[in-house]
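Residue numbers (our numbering): 1 to 110.
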């Protein structure tokens with residue numbers, strides 16, 4: 001146990017921060033699990049937001065965050081691409097008007 005007053009305060013701060021980080025890490029994992037299970041755009045965006053906050057607070061490394069985001073976004077891109085290519089609306093061709101051409105005449109230079 002620390003003896004110096006500032007060391008005692010630091011230990012108190014560290015315990016409090018460790019608990020906060022553990023709680024945040026647990027909620028982050030729960031959000032990621034929910035996003036992997038349901039795979040809706042709302043859940044995925046919530047997970048992305050939570051991951052970015054964890055990186056900002058130095059709870060997880062930025063490369064780990066990128067890896068998690070990549071794994072979350074892969075199934076979403078496969079499901080969203082299929083319906084969009086099936087529905088393609090064709091526009092009716094627009095009519096072009098024929099323009100009458102006029103012959104240009106030269107004016108003599110004086």
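For glycine and all other residues, C-beta sits at the position ideal for the given N, C-alpha and C. As the structure is a computational prediction, the values presented were derived from the model and not from experiment.
DSSP places residue 25 within a helical segment (H, G or I) once states are collapsed to three. Proximity of the segment 47-61 to the segment 18-34 meets the contact definition, three or more beta-carbon pairs being nearer than 8 angstroms. In this chain, the alpha helix (DSSP H) harbouring residue 43 covers 41-56. With respect to residue 59, residue 46 sits apart: the two C-beta atoms are not nearer than 7 angstroms. The residues 69, in chain order, have a CB closer than 7 angstroms to that of residue 48 in the same chain once the five nearest residues on each side in sequence are set aside.
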